[in-house]
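Visitor: Under the UniProt record's numbering, the first residue of the sequence shown carries the number 1, and numbering increases by one thereafter.
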Amino acid sequence: MLSRPTTTTSTPRIKNAVLDWNDSGCSIFHQLASSNNHGLEQTRDAFIHQHGLPQRWQDFDRRRFVVAETSFGTGVNFLALWQAFNAFREQHPEATTQELHYISFEKTPLTKHDLIKAQLMWPELAQLTEQLHAHYPPAVADCHRIVLENGRITLDLWFGDIHQSMPQLWLGNDGLIDAWLLDECAPQHQLESWNQQLFNNMAKMARAQCSVSAVTATTTDLVRTGLTEAGFSLNNTSTLNEHHHITLATITPSHSQANFKPWFARSSQQTSQPSDIAIIGGGVASATTALALIRRGQSVTLYCADNELAQGASGNRQGAVYPLLNGKHDPLSRFFAPGFIYARQFVEQAAQQCQFDHDWCGVTQLAWDENGKNLTDAEKQLALATQDKKLGRQTKKLECMLSGGFPEELVRELDIEQTRTITGVETDCRSVNYPLGGWLCPQQLTQALIESMQQTGKLTLHLNCDVTTLEQLKTPTNDPRWQLTFADGSTTTHTTVVVASGHRFNQYPQTAPIPTSSVRGQVSHVPTNETLAQLNTVLCYDGYLTPVNTNTNSHCIGASYARRSCDLTYSNVDQQQNKQRLLDSVPATASWVDAIHVDEFDPQQRARVGVRCASRDHLPFVGNVCRYDDLIKQYQDLKDNQLYAQNVPVYQNLFTIVGLGSRGLSSAPLLGELLASQICGDPLPLPHTVLDALHPGRMWVRKLVRGKEVKA
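Next comes the structure, spelled out in structure tokens:
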């Protein structure tokens, strides 16, 4: 094992629960001992009927009902509510409430293997458990969003200590939770977290009329006292069985307290009229955002300036899908880890509904470097241990990532021989491998998603519609509408607008101040042959090479990276450099590289040129569009007046999702889900720290909070 650089982590490493199974195949971890016989019925009694469900759903005036519990365990409580909600929807299709959102915390999650084994005890739930198993995440800290039933069921699994996780949920002034579940059948380390801090946080997160149902045995007095001190009103205590009691409580009015920094505030769409949302774009970010909105019952109109979809950075034949991680667990890594896991879920669900080329073949990232390329494996280990300069920056970066304690299910280290075996080609490099990664065709995915949404009648597509200006109009009802003016002079209006047009976003005065760079990239198309067909995984180095797409009999190799360039002209220099970067990253003995012929296709088919929209800190900008001049004026003295700061000034009902750079396929699905959640006022799927790092106004705020001068 190589020595690892020391890193300071801001998120804990997550350890899976270790189960002990008895002779009958039941775990003595928790829940299961009693659930084997009648636990499911008691779950329904304690956590469904005692909350007044399903009648409460029928009377509820919101689209989405939000439930939270303190420990996920085997998931039986979630499964029982999911089953009950499906039955409710079938019986009451006219009800306002059509979506169930379930938030659960877990310090030591079960492995997928143990979860599957545990849930075999409830065969009547098999149809639901199979869907959950398909997307159950690896043990990575923070929130994992699982979208089920085409958006009607949403599960947020927060892995980590509940006292660290709860404050990371984004809260507005109206609260978040409609019903709380507490179950003393949780493991001992979870019960140790049952203290006044927990009950106070529950109250802060509760909406008005939020109910609590707590199943207790030894903690009944603790729970009753804690809930009362937190502001809940006790309703009743009844007997569940000879060992357990049910304590019921409610909170009215809400004691919710907003927990965001004013300069990173986020607001939903504000309108008293039925919303009609315009998205300006046409790539993968537009498609993922549109789908997340439509799943929430929104009507979407997509305006694309080109004559076909996905003609910008989303137009490549093959794009790699893998996370951008580091051992520091900073906001970058904390976004891309769950972002990648959600992207895989999104793609798998999309593949069940439409056709597009993709392959979960894995991604292998070589530990190449110019200085240490010719070192032996033993010499490389010694160079790392002694911080020898022979070891290049790329190798050090990968070693830092491996120090982060990520599960091998997500990323693993390979020696030279393992790298050769996994990739199928000679590289003479150690590497890291992302077993869950792969590639997909972003153009096909975008087009297929938009077509499927059109078929639902919830999305209207307009091609060749170049939106040249945005203007907010006042209306007699005080519900401003956005007027879109097109290149031909025609206009239309919408309540809400999302700018997702990649590097073209800066044509509007409202979004132009967002600091991004246009980066030209040329991807070369290479015909396959017997030698190249041996490549089994996406290969990343100072560039990337994809395995063969059997539908096109070609590979992609790229990509060039020219900052501040929007030139779409084919470059023979870039074409040759795409191959040269691979030659520079593997030894001369790797003769298989000679089989790459970047000039074999006809000139029109040799390459594709696109323009990425990238940010300086490698994170996208997602959320409300700020009024930048007003922001700078309002926060001139932010360093010394943070206590009295007002919320960041924004354009009402104007949002953006830009700056995805080279990792759009790994980030766009979760970003689209995030933005749709914000627009619709739903729980957000990322922790505070990460949300702040994605805020469209962050670059200015970072300077202002340090007292640096920023000119409007």
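We treat Cβ as the ideally placed atom computed from N, Cα and C, and that holds for glycine.
If you scan the region 590 to 635 from start to end, which runs of the alpha helix (DSSP H) of 4 or more residues do you find wholly inside it?
Guide: DSSP runs (the alpha helix (DSSP H)) wholly in the region 590 to 635: 628 to 634.
Visitor: The beta strand (DSSP E) with I251 in it runs from where to where?
Guide: That run of the beta strand (DSSP E) goes H245 to I251.
Visitor: Leaving out five residues before and five after T96 in sequence, what residues of the same chain have Cβ atoms less than 8 Å from its Cβ?
Guide: F60, D61, R62 and R63
Visitor: If you follow the alpha helix (DSSP H) that S667 is in, where does it begin and where does it stop?
Guide: Looking at the DSSP string, the run of the alpha helix (DSSP H) that includes S667 is G664 to C680.
Visitor: Rounded to whole angstroms, what's the CA-CA distance from S677 to R563? Just pull it up for me.
Guide: 33 Å
Visitor: Check L81 in the structure and name its three-state DSSP category.
Guide: helix
Visitor: Determine the burial state of S35: buried for a count of at least 16 other Cβ atoms within 10 Å of its Cβ, exposed for fewer.
Guide: Interpretation of S35 is limited by its pLDDT of 46, a score under 50 that renders its predicted location unreliable; the figure taken from the coordinates is listed afterwards. Under this definition S35 is a buried residue.
Visitor: May I ask which residues mark the beginning and end of the alpha helix (DSSP H) holding L227?
Guide: T220 to A230
Visitor: If W482 and T468 are in contact, beta carbons under 8 Å, what's the gap, nearest whole angstrom?
Guide: Incorrect: roughly 13 Å between the Cβ atoms, too far for contact.
Visitor: Looking at the strands, I want to know which residues DSSP matches up with Y544.
Guide: C540 and G558
Visitor: Short of 6 Å in beta carbon distance, which residues of its chain neighbour T485, apart from the five on each side in sequence? Order them along the chain.
Guide: T468, T469 and T491
Visitor: Quick check: the Cα distance between S314 and G39, rounded to an integer number of angstroms?
Guide: For S314 and G39, the distance between alpha carbons rounds to 49 Å.
Visitor: Are the region 297 to 315 and the region 469 to 479 in contact at 8 Å, needing three or more beta carbon pairs?
Guide: no
Visitor: Under a three-way DSSP split, which group does R412 fall into?
Guide: The DSSP-derived three-state label of R412 is strand.
Visitor: Does the contact criterion of 3 or more C-beta pairs under 8 Å hold for the region 338 to 349 versus the region 576 to 586?
Guide: no
Visitor: What are the boundary residues of the beta strand (DSSP E) that includes A126?
Guide: Taken as a continuous stretch (DSSP letters only), A126 belongs to no beta strand (DSSP E), being part of the alpha helix (DSSP H) at A126 to H135.
Visitor: Ordered along the chain, which non-local residues of its own chain (more than five positions away) have a Cβ less than 6 Å from that of C613?
Guide: G502, H503, T516, V658 and G659
Visitor: Out of W57, N150 and N641, point me to the one whose CA is closest to D178's CA.
Guide: W57
Visitor: Would you identify the three-state DSSP class for D178, choosing helix, strand or coil?
Guide: strand
Visitor: Buried or exposed for S431, going by 16 or more other Cβ atoms inside 10 Å?
Guide: A residue is called buried once 16 or more other Cβ atoms fall within 10 Å of its Cβ, and S431 is buried on that count.
Visitor: What does the alpha-carbon distance come out to for the pair W82 and Q119?
Guide: 14 Å
Visitor: Where does A487 sit, in a helix, a strand or coil, going by DSSP?
Guide: coil
Visitor: Give the straight-line distance between the Cα atoms of Q273 and A217, rounded to the nearest whole angstrom.
Guide: 49 Å
Visitor: Rounded to the nearest angstrom, what separates L100 and D682 at their Cα positions?
Guide: 11 Å
Visitor: Buried or exposed: where does T423 fall if 16 or more other Cβ atoms within 10 Å of its Cβ makes it buried?
Guide: buried
Visitor: For R616, count the other beta carbons within 10 Å of its own beta carbon; 16 or more makes it buried, fewer makes it exposed. Which is it?
Guide: The residue is exposed, with fewer than 16 neighbouring Cβ atoms inside 10 Å.
Visitor: For the pair the region 41 to 51 and the region 160 to 174, tell me if three or more CB-CB distances fall below 8 Å.
Guide: no
Visitor: Among T456, P262 and L643, which residue has its Cα nearest to the Cα of R698?
Guide: P262
Visitor: Taking buried to mean at least 16 other C-beta atoms within 10 Å of its own C-beta, is D20 buried or exposed?
Guide: exposed
Visitor: Excluding the 5 residues flanking A203 on each side, which residues of the same chain have their C-beta closer than 7 Å to its C-beta?
Guide: Result list for A203: A230, G231, F232, I251 and H255, in chain order.
Visitor: Short of 6 Å in beta carbon distance, which residues of its chain neighbour V284, apart from the five on each side in sequence? Order them along the chain.
Guide: S314, P442, T446, G664 and A668
Visitor: Measure from the alpha carbon of S267 to the alpha carbon of each residue in H163, C680, Q352 and A693, then state which is nearest.
Guide: C680
Visitor: Quick check: the region 586 to 605 against the region 292 to 301, are there 3 or more CB pairs under 8 Å?
Guide: no
Visitor: Going by alpha carbons, who is nearest to P547 out of L227, L686, N641 and A320?
Guide: A320
Visitor: Roughly how many angstroms lie between the CA atoms of L674 and W592, to the nearest whole one?
Guide: 43 Å
Visitor: Per DSSP, F655 is paired with what?
Guide: V498 and N624
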